[in-house]
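Report on the structure given below.
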Amino acid sequence: MSLKADELLKRIDPRRLPRHVAVIMDGNGRWAKKRGLPRLMGHRAGAESVREMVRVCGDLGIEVLTLYAFSTENWLRPAAEVKGLMTLLVKTLRRETADLDRNNVRLRAIGRLDKLPAEVQRELHQAMSALADNSGLILNLALNYGSRQEIVDSVNALLREGVTAVEEKDISRRLYTAGLPDPDLLIRTSGEYRLSNFLLWQCAYTELYVCSHYWPEFRRAQFYEALLNYQSRERRFGGLGGT
Ligand code: IPE
Ligand code: IPE
Ligand code: MG
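Residue numbers (this note's numbering): 22 to 264.
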């Protein structure tokens, strides 16, 4: 595995890396089911993939990694799974903050954070302030995140400012992602070809990459494959491209 990953790494052009990678981490439940395990074990295994992705993105010098960890629609799941996910989040933040700090990672979160359980909010803010002075990778966690809600929140914030007409840049500066570049690459695991209410505005010209691996199987080598695929694309932004 590591040999293959190292081979792939050699083929990546360090000058043409995406600045911002966003990931819809999907398939934890199916990964667990395939092994006869409870869904929560899939989420736990998925946390290991997060760890690896953060490390690899930092090493490559990628600027922003946005991870879709909990959507506004995920509250529809059974209460026990939601509770399990929130507990996993608290424990992971607690366990990983020191390591993130050693790796110079900054933490940011997008979503309706004020509706998350108090303990999650507390842990999140503690981790964000502990990492605030770092200057490396921005790890951006989408938590209780819904893209339509984000756009509505942006428009309402603009109305409160008293604006009477809006331009694209006004909407952008009031999104939760204000100040971040739009994603260059969006990865979705587990073979589903949908956006599930993720970064609808920001992904207008993002390159999409879907792979069939479940999220807990998505590790260094799979990420390098995604990057190589990204580097094989011609981004045209509506023009004619070409160099
Ligand atoms: C992604 O895995 C994690 C979250 C949505 C929190 P899923 O839990 O959606 O796994 P599947 O899609 O049921 O396999
Ligand atoms: C998207 O996955 C949300 C996250 C990865 C957090 P879902 O599993 O919730 O999406 P759908 O329901 O398959 O569209
Ligand atoms: Mg899913």
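Even glycine gets a Cβ: it sits at the ideal position worked out from N, Cα and C.
With respect to Gly67, Arg60 sits apart: the two C-beta atoms are not nearer than 8 angstroms. Counted as a single uninterrupted DSSP element, the alpha helix (DSSP H) harbouring Tyr245 occupies residues Arg241 to Gln252. When DSSP reads this structure, Asn161 sits in a beta bridge with Thr87 and Arg129. Sequence-distant Cβ neighbours of Glu246 in its own chain, meaning closer than 7 angstroms and more than five residues away, are Leu29.
Comparing C-alpha distances from Thr108 to each of Ala178, Phe91 and Asp120 shows the shortest one belongs to Phe91. Residues Ser92, Thr93, Glu94, Gly132, Arg133 and Asn218 of the same chain have their beta carbon placed closer than 8 angstroms to that of Gly167, with the five preceding and five following residues left out of the count. Apart from the 5 residues on each side of it in sequence, Gln170 sits with its Cβ closer than 7 angstroms to the Cβ of Thr93 and Arg133 in its chain, given in chain order. Taking a contact as a CB-CB distance under 8 angstroms, the pair Phe258 and Ser70 does not count as one, their CB atoms being some 31 angstroms apart. Assigned with DSSP and collapsed to three states, His234 falls in coil, not helix or strand. If you check the C-beta of Met62 against ligand 2, you find no heavy atom less than 7 angstroms away. It is roughly 34 angstroms from the alpha-carbon of Arg115 to the alpha-carbon of Tyr251. In chain order, the residues that have a beta carbon nearer than 5 angstroms to some heavy atom of ligand 1 are Asp47, Gly48, Asn49, Gly50 and Arg51. Put simply, the backbone Cα of Leu229 is about 25 angstroms away from that of Asp191. Taking all protein chains shown into account, Asp27 has fewer than 16 neighbouring C-beta atoms within 10 Å of its C-beta and is therefore exposed. For Val75, the enclosing alpha helix (DSSP H) covers residues Arg60 to Leu81.
Taking 8 angstroms as the cut-off, the beta carbon of Ile83 is found closer than this to the beta carbon of Leu158.
Within the stretch 133-205, the complete alpha helix (DSSP H) runs of at least 4 residues fall at 139-151, 168-182 and 189-194. Judged by pairs of C-beta atoms under 8 angstroms, the stretch 31-41 touches the stretch 198-207, as three or more such pairs exist. Its Cα nearest to that of Leu196, the residue Gln223 stands out among Leu216, Cys232 and Gln223.
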